[in-house]
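Position one of the sequence shown corresponds to residue -4 (the numbering used here), numbered consecutively onward.
Input: a single structure, listed below in structure tokens.
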Amino acid sequence: MALSGIQIYKMLPQTNCKECGFPTCLAFAMKLAAKQVELALCPYVSEDSKALLSEAAAPPVRPIALKSNGYEVLSGNEVVLFRHEKRFFSPAGLFLRVYDSEPEDSIRHKVQAVADYAVDYVGIELKWDGIAVQADGGDFAAAVGAVRSVTHLPLVLIAPPDTLKPLLPQLNEGKLLLAFATADTWPAMAELAKAHHAALAAQASSLDEMVSLTEKIKAAG
């Protein structure tokens, strides 16, 4: 939860040493509250206060990096829930979704088009960030294999835990995103994510349910 300038000030040394570049600790605290400076500028803050302030300063939407054989896509690391409240800092990753019910040749054709796509936009290279494979009654492992025969872009795997479990030991090339942990599947999905060092996406019908679900997942480690 964000702290006010006064709350932050109470955790600072209150010596007004000016070594942070501000005339008073209160002025520094106000800048900290506005997220315009870093706590590291204060050389005398106690370790206890540093831990509390670092936790409070952490973005509500934590950063998640998906990695695979040199590719990386970063998401999260946001300080607001809605863009109009301030701004978003990390662009959303762009993933192509394929289904395991599709013919493998069709999957390979689509994925090849994604792997080959790149556009230069005023000096910025625009390209796809990864592939999402969704279970749809077909051969999930074969669909993932078809993707991997073309590219090693980061993967999102959308499947129930019993489908993911036998496949994950073969995908040890980076950090995957597993989807979705729900009220019914979260224990098994959390166990898989923890065992294979994967990121885990949760799904709920409301923010209140999402809070409850994510707290359970966090408690599970």
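Think of the CB as a built atom: it goes at the ideal place given N, C-alpha and C, for glycine as much as any other residue.
Predicted, not measured: the structure shown is a model, and the values here were computed from it.
Ranking A137, I59, R57 and V109 by CA distance to the CA of L89 puts V109 first.
Approximately 7 Å separates the beta-carbon atoms of A194 and A188; this is inside 8 Å, confirming the contact.
With the rule of 3 Cβ pairs closer than 8 Å, the region 40 to 54 counts as touching the region -1 to 19. By the 16-neighbour rule on beta-carbons within 10 angstroms, F17 is buried. The Cβ atoms of H147 and S63 sit closer than 8 Å to each other. For the options D179, A130 and A183, the alpha carbon positioned closest to that of L152 is the one of A130. With respect to T180, P155 sits close: the two C-beta atoms are nearer than 8 Å.
In this structure the region 124 to 142 touches the region 94 to 103; the number of beta carbon pairs closer than 8 Å is three or more.
Put simply, of V106, Q107 and L121 the residue whose alpha carbon is nearest the alpha carbon of A113 is L121. Under the three-state reduction of DSSP, R92 is assigned to strand.
Straight across, the Cα-Cα distance linking F84 with E210 is about 25 Å.
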